[in-house]
Structure formats: C-alpha cells, structure tokens
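For the sequence shown, the numbering used here assigns the number 150 to the initial residue and increments by one for each residue that follows. Where a beta carbon is used, it is the ideal one built from N, C-alpha and C, also for glycine.
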Amino acid sequence: MKRRKFIFVAGAGTVAVSGLTYFLNDNYQNHKYIDRINDTWRHSIKFDGSNRAIMIELIRYATLAANSHNTQPWFFKIGNNKITISPDFTRRCSAVDPDDHHLYASLGCAAENIVHAARVFSLEANVSIQSDSAEVIQIDFEHTSSSQSELFKVIPKRQCTRAPYEGKKASAQQLKVLEIIAQDTGISTQIFTDTNDLETILEFVVAGNTDQMRDKAFVKELKDWIRFNPHSAMKHGDGLYTATSGNPTSPTFFGSLLFDMVFNEKPENDKYRDQIRSSAGVIALVSEKDDIEHWIKAGRCYQRFALQATAFGLKHSFVNQAVEVPEVRTQLANYLNIGNRRTDLLIRFGVGTDLPKSLRRPVSEVIV
Ligand SMILES: Cc1cc2nc3c(=O)[nH]c(=O)nc-3n(C[C@H](O)[C@H](O)[C@H](O)COP(=O)(O)O)c2cc1C
Numbered sequence: 150m151k152r153r154k155f156i157f158v159a160g161a162g163t164v165a166v167s168g169l170t171y172f173l174n175d176n177y178q179n180h181k182y183i184d185r186i187n188d189t190w191r192h193s194i195k196f197d198g199s200n201r202a203i204m205i206e207l208i209r210y211a212t213l214a215a216n217s218h219n220t221q222p223w224f225f226k227i228g229n230n231k232i233t234i235s236p237d238f239t240r241r242c243s244a245v246d247p248d249d250h251h252l253y254a255s256l257g258c259a260a261e262n263i264v265h266a267a268r269v270f271s272l273e274a275n276v277s278i279q280s281d282s283a284e285v286i287q288i289d290f291e292h293t294s295s296s297q298s299e300l301f302k303v304i305p306k307r308q309c310t311r312a313p314y315e316g317k318k319a320s321a322q323q324l325k326v327l328e329i330i331a332q333d334t335g336i337s338t339q340i341f342t343d344t345n346d347l348e349t350i351l352e353f354v355v356a357g358n359t360d361q362m363r364d365k366a367f368v369k370e371l372k373d374w375i376r377f378n379p380h381s382a383m384k385h386g387d388g389l390y391t392a393t394s395g396n397p398t399s400p401t402f403f404g405s406l407l408f409d410m411v412f413n414e415k416p417e418n419d420k421y422r423d424q425i426r427s428s429a430g431v432i433a434l435v436s437e438k439d440d441i442e443h444w445i446k447a448g449r450c451y452q453r454f455a456l457q458a459t460a461f462g463l464k465h466s467f468v469n470q471a472v473e474v475p476e477v478r479t480q481l482a483n484y485l486n487i488g489n490r491r492t493d494l495l496i497r498f499g500v501g502t503d504l505p506k507s508l509r510r511p512v513s514e515v516i517v
C-alpha cells in the first residue's frame, strides 16, 4: 500500500475506533446515569427505623428540592428531634445571585420537603427561621399521627422542566389552588394566563436574559455549573446536566467549545419566547419584606407550588431572568403594581413531557 493511502486508512480507522469507543462509553455512562437517577428519585426503601435513620431519610427528601443552578448550597445538622439547615457559601453564585437570595430560597425549598416527608414518619415539623444564626432554619419535630399527602407522594416526581410545553390551558380550579398554595404570611402571588400579560412578562424575561447574556461573569458562572455529559454529571453529583434542559451531551472539551459557539442572545431569547408562549401561565411570588426570612419563605412557597403542580400533572420551570437583573425587577414590580416589595421568583407552568432528571450529591456529603 502506498504511504499516503496507508496514512488515510489508518487515520480513518482511528476516527472510527474513537467514535465507536465514545459511543459505547456514552451508552454505558447513560445506563449508569439512569441507575443513579432511579436510586435518587425514589421514596424510602427499607431502613432501620431508628430516630437517626429517620432524620437522615428526611434530609434525603430535603435534597430532592429545587435549588439554584443545582448547586445544593446546604448543610444539614441532626440534633435531638431536630434538623437545622445552614447555607454552604462555598456554593454561592455571586454573578446571578449577588445577595444570596436564591441560595436562601433553596434552603426554604429543602425545608418544605422535610415538612411533607415528616408526617409519613409520624412527625409534625415546626419550621422557624433565625436570620442571624448560621443554622438559619431550625426544624423541631413532635409526634403526630402518620399521614401521606398528595404533595409528599410527588416529591420524587417533581422536576424543573426546561422545555416548550403543549400550549394547553390549566383549569380554573387548578389555577385557584396553585395561586393559594404558594402564599404564606408575607408572601403573595399573582398568576397570569392572559396572552397580553404573558407577552408583557415575556418581554421582561427577554430583557433580563439579554442583560445576562452580555454579562461575562454571568455566562462564566453558568458554564462552570454545566455538566456536558453523564460522566461529568455523575462525578460531581450537582450542576446543570445538559440533557436535563433538552440539550445534547458531548465530551466536556467539545461541549465547552460548542457552548461558546451556540450560547447566543438571539437563540436563547427565542427559546424563552417558545417556552412562555407554550405555557398555560406564569406565577410571580412576591414578598412583603426583602430579607432572608422572606427569601426562605418564598422558597418554601415555590416548593409547595411545584409539588402541587406536579400532583396536577403540570410541568413548570423558572423564568427568573426578569427578577435577577435589578433594573428589570423594578420594571416588573411596576407592572405587578407591588410598590417596593420584591418579586422573588417567576415560574411558568403548563402541560408537557418530562426531561431527564438531575442528580444530587450523596446525603452523607451534606450532613455535618
Ligand atoms: C431559588 C431558585 C432559583 C432558580 N432559578 C432558575 C432559573 O432562573 N432558571 C432555571 O432554569 N432554573 C432555575 N432554578 C431551578 C434549578 O436550576 C433546579 O432546581 C436545579 O437545577 C435542580 O433541578 P430539579 O429542580 O429539576 O431537580 C432555580 C431554583 C431555585 C430554587
């Protein structure tokens, strides 16, 4: 064989073998990822019924809560009939969340799951917030009769589904329940389903998104939390695995290059247009006071909303761009007519199909 032909055949062979190896390895990693997901998103399996084992199980349920960028910014401590939750500031996202609003809201989401799971173990959870303490959420338990709520049942089913939905409406009854379930003392809600309202809210989301896409620190931080393939997602047990947002997987090196090439303002804004226009509605959570206590409460309210939506068979995902950029948040506040109260979270919901779920770190890593 001539030398040039030999080099060509050898080169093509190497590419083919590398491709096949990547394909087989990717397939293998996908199977492993699905095993990890099945082991993560489940109800309790048999465990010794000691008080400590129950507390650990409650913490496992807590970690299934939504949390900003899937950073899982929490530590849990088990006390005497008590669990406390503290922020893990090493996981803060200073670009998107400079005041730690989302970080504290994430702790609230985790606390809410504990409340619903506790009743299954005959425990009533009393949640108190101590904003000036490192152990900012204290959950004390007292005995009660065992019960299993609809919200508890769907804890392992809830996910943030970042995809276009099917354009179907939610029923008036569902909207009423969703609007009320996400309220608390100091937290109010506004639900929008009218096309004109949704188009206006969409423009705030696009304005916020445009601002963020032009912010190098925001983009870098987001990229740092993206996991481009199942192997990377499993290695970290946290972060935003591309498949969970309906995006392709790839080796980290290529994913990173591709991200730089395709993560652009226009397609991203168009994506949010499709997402909001195909949703049944958007809900805004608004707090009376802009402080840690209310951020945590807003997180609890979101988690209740999300579980109820899931129980109704509805999907949801955050469109927080409009509340993350301060100037846009002010414009949105004017539109919502809420004076100087803070819009904490903005969430769309509708009828759609599940995407792959995201992972969590092992419970042992978050118990101190
Ligand atoms: C306070 C808070 C803010 C969030 N903001 C956004 C957001 O702006 N955009 C988004 O797509 N997801 C957002 N999320 C969702 C998280 O990314 C999601 O919960 C996490 O990746 C874990 O995925 P899962 O909820 O499907 O389990 C937010 C979650 C929380 C609790």
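Residue i and residue j closer than 9 Å at C-beta
{"i": "residue 461", "j": "residue 323", "result": "yes"}
{"i": "residue 273", "j": "residue 291", "result": "yes"}
{"i": "residue 255", "j": "residue 220", "result": "yes"}
{"i": "residue 178", "j": "residue 362", "result": "no"}
{"i": "residue 422", "j": "residue 355", "result": "yes"}
{"i": "residue 318", "j": "residue 342", "result": "yes"}
{"i": "residue 499", "j": "residue 430", "result": "yes"}
{"i": "residue 472", "j": "residue 357", "result": "yes"}
{"i": "residue 484", "j": "residue 257", "result": "no"}
{"i": "residue 263", "j": "residue 505", "result": "no"}
{"i": "residue 508", "j": "residue 387", "result": "yes"}
{"i": "residue 298", "j": "residue 271", "result": "no"}
{"i": "residue 321", "j": "residue 260", "result": "no"}
{"i": "residue 307", "j": "residue 502", "result": "no"}
{"i": "residue 333", "j": "residue 446", "result": "yes"}
{"i": "residue 497", "j": "residue 437", "result": "no"}
{"i": "residue 192", "j": "residue 370", "result": "no"}
{"i": "residue 465", "j": "residue 310", "result": "yes"}
{"i": "residue 241", "j": "residue 222", "result": "yes"}
{"i": "residue 233", "j": "residue 288", "result": "yes"}
{"i": "residue 203", "j": "residue 516", "result": "no"}
{"i": "residue 351", "j": "residue 374", "result": "no"}
{"i": "residue 456", "j": "residue 303", "result": "yes"}
{"i": "residue 426", "j": "residue 347", "result": "yes"}
{"i": "residue 474", "j": "residue 360", "result": "yes"}
For residue i: DSSP bridge partner residues
{"i": "residue 411", "result": "Partner(s): none; residue 411 has no beta bridge."}
{"i": "residue 499", "result": "464"}
{"i": "residue 291", "result": "273"}
{"i": "residue 430", "result": "498"}
{"i": "residue 492", "result": "435"}
{"i": "residue 309", "result": "465"}
{"i": "residue 95", "result": "Any answer about residue 95 is impossible in this case: the structure gives the chain only from 150 up to 517."}
{"i": "residue 333", "result": "336"}
{"i": "residue 286", "result": "234, 278"}
{"i": "residue 441", "result": "In DSSP, residue 441 forms no bridge with anything."}
{"i": "residue 516", "result": "225"}
Beta-carbon separation (whole angstroms), residue i vs residue j, contact threshold 8 Å
{"i": "residue 424", "j": "residue 313", "result": "6 Å"}
{"i": "residue 285", "j": "residue 235", "result": "6 Å"}
{"i": "residue 338", "j": "residue 432", "result": "6 Å"}
{"i": "residue 401", "j": "residue 377", "result": "5 Å"}
{"i": "residue 190", "j": "residue 305", "result": "4 Å"}
{"i": "residue 253", "j": "residue 441", "result": "5 Å"}
{"i": "residue 444", "j": "residue 364", "result": "In fact, because the Cβ distance is near 22 Å, the residues do not count as touching under 8 Å."}
{"i": "residue 265", "j": "residue 300", "result": "5 Å"}
{"i": "residue 477", "j": "residue 353", "result": "6 Å"}
Where the beta strand (DSSP E) containing residue i begins and where it ends
{"i": "residue 225", "result": "223-228"}
{"i": "residue 341", "result": "336-341"}
{"i": "residue 234", "result": "231-236"}
Residue i: first and last residue of the uninterrupted alpha helix (DSSP H) it sits in
{"i": "residue 196", "result": "It is not in any alpha helix (DSSP H) - residue 196 carries neither H nor E in the DSSP assignment."}
{"i": "residue 330", "result": "321-330"}
{"i": "residue 256", "result": "250-267"}
{"i": "residue 214", "result": "From DSSP, residue 214 is part of no alpha helix (DSSP H); its letter is neither H nor E."}
{"i": "residue 314", "result": "No alpha helix (DSSP H) holds residue 314; DSSP gives it neither H nor E."}
{"i": "residue 302", "result": "299-302"}
{"i": "residue 476", "result": "475-485"}
{"i": "residue 361", "result": "344-362"}
Proximity test, residue i beta-carbon vs ligand 2 heavy atom, cut-off 8 Å
{"i": "residue 451", "result": "Questions concerning ligand 2 fall outside what the structure shown contains, since the ligands it does hold are ligand 1."}
Worksheet entry | Within the segment 377-422, ranges of the alpha helix (DSSP H) (whole runs, at least 4 residues) | 379-385, 401-411
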